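The structure appears below as structure tokens.
In the UniProt record's numbering, the protein residues as written are 1 to 387.
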């Protein structure tokens, strides 16, 4: 295993002939220890999520609704009175909100507006509702319905970031570092993302991007082969990002309320969840998007992970230890939802092969290698996700 990059913060990035890049610990981490924090190379809210009124900063995905506004919307005004509003995490920040003067999208602060403008927004700011970029996003929505996992606008922001970079060559190399699959694997992943009509849809999207934005420095990604690589990159390296003012408020309440107040709080939470489930469903409570992270992309999967990725109100990723980690241990996360890690080995392997094009050889899969290749009734939902 060759060493690529050493960091005195407690981890190093190495290269393994079979796995590729690996993140390896260079010090002890206890449960709940922070391994690192990372800003994304690029991030973007999901298209349907934004369209349906999930208000978030156009750059960092910080919630822009207060707790009361959020609960009223998610319950369709079945609940209008919210207790303990003093624990709303953004109640004192709303005066910082700013709009792009041209296209009118919202940001949580002038800092986010300036950062977005300098990195990508100046190329993607389109006040005209008939602009080709808006048609591209509408086209994407006809191909990719909720529950969402990708967004064509993340790809556009990625290209715009290259175009506006002070060093386009370095930016292109950063994107290339995310791409490490064969052309056949890229085609498989594009098929998985877009469905049976993927060949036609890929070309529609590619021409839509070419029509929507000036491309000079990033032209290598808009050839037929390069575009498939970009779609595969977004499909496999895109990390889901979720933010929720409701969950932040609930966590604040749990930290500060007295035992008597907690009883009222828990009653309110139960009624709020019941009302939300009736209106939007419990799977659609958050502001959701995806992002690309350079360090995080070096972390491999394990069905018995020792770390997890968490977000606390914006798109900054925090990698946290969930088991004891010793120096020399590879740091792993799960590409599978935690609630699905107890599914059969067969189901987990099928899901990973379909969605990430690799066979898992983690300690858990090796211990279960002689298990029968059958799917239990509990695995049916995960099987559907992989088809």
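Quick reminder that beta carbons are idealized off the backbone N, C-alpha and C, glycines included. Everything numeric in this text was worked out from a predicted model, so none of it was measured.
Integer-rounded CB distance, given that residue j should sit under 8 Å from residue i
i           : j           : result
residue 94  : residue 82  : Incorrect: roughly 16 Å between the Cβ atoms, too far for contact.
residue 296 : residue 368 : That belief does not hold up - the Cβ atoms of residue 296 and residue 368 are roughly 27 Å apart, past 8 Å.
residue 319 : residue 36  : 5 Å
residue 143 : residue 201 : 6 Å
residue 41  : residue 293 : 7 Å
residue 98  : residue 87  : Actually they do not touch by this definition, with Cβ atoms about 25 Å apart.
residue 228 : residue 303 : Not quite, the Cβ-Cβ distance comes to about 29 Å (not below 8 Å), so this is no contact.
Nearest-angstrom Cα separation, counted from residue j out to residue i
i           : j           : result
residue 2   : residue 343 : Low local confidence applies: a pLDDT of 47 at residue 2 is under 50, so the model's placement there is unreliable, with the coordinate-based value given in what follows. The alpha-carbon atoms of residue 2 and residue 343 are separated by roughly 34 Å.
residue 272 : residue 214 : 46 Å
residue 335 : residue 204 : 29 Å
residue 211 : residue 280 : 35 Å
residue 5   : residue 177 : Because the pLDDT of residue 5 is 48, which lies under 50, any placement of that residue in the model is unreliable, and the number read from its coordinates should be weighed accordingly. Rounded to whole angstroms, residue 5 to residue 177 spans 14 Å at the Cα level.
residue 321 : residue 128 : 46 Å
residue 305 : residue 219 : 38 Å
residue 246 : residue 358 : 37 Å
residue 387 : residue 141 : Because residue 387 sits at a pLDDT of 49, beneath the cut-off of 50, its placement in the model cannot be relied upon, and the following sentence gives the value as read from the coordinates. About 20 Å.
residue 60  : residue 27  : 31 Å
residue 9   : residue 132 : 45 Å
residue 250 : residue 96  : 23 Å
residue 49  : residue 154 : 14 Å
residue 21  : residue 233 : 15 Å
residue 126 : residue 101 : 11 Å
residue 167 : residue 349 : 40 Å
residue 371 : residue 341 : 15 Å
residue 170 : residue 14  : 21 Å
residue 112 : residue 151 : 20 Å
Residue i - containing beta strand (DSSP E), residue span
i           : result
residue 356 : Segment 345-356 is the alpha helix (DSSP H) holding residue 356; no beta strand (DSSP E) there.
residue 93  : Premise fails: residue 93 is in no beta strand (DSSP E) and is neither H nor E.
residue 37  : 34-38
residue 42  : 42-45
residue 388 : The requested residue 388 is not part of the displayed model; the chain covers only 1 to 387.
As assigned by DSSP and simplified to three states, the class of residue i
i           : result
residue 270 : helix
residue 135 : helix
residue 81  : coil
residue 226 : helix
residue 462 : With the chain covering 1 to 387 only, the question about residue 462 has no answer from this structure.
residue 21  : strand
residue 239 : strand
residue 117 : helix
residue 71  : helix
residue 391 : Any answer about residue 391 is impossible in this case: the structure gives the chain only from 1 up to 387.
residue 293 : coil
residue 256 : helix
residue 99  : strand
residue 245 : helix
Contact check, residue i vs residue j, beta carbons under 8 Å
i           : j           : result
residue 77  : residue 325 : no
residue 313 : residue 62  : yes
residue 286 : residue 225 : no
residue 43  : residue 137 : no
residue 123 : residue 164 : yes
residue 299 : residue 252 : no
residue 257 : residue 84  : yes
residue 119 : residue 174 : no
residue 79  : residue 71  : yes
residue 209 : residue 291 : no
residue 64  : residue 55  : yes
First through last residue of the alpha helix (DSSP H) which encompasses residue i
i           : result
residue 207 : 198-212
residue 155 : 152-164
residue 176 : 168-178
residue 431 : No statement about residue 431 is possible, as the shown extent of the chain runs from 1 to 387 and does not include it.
residue 363 : 363-367
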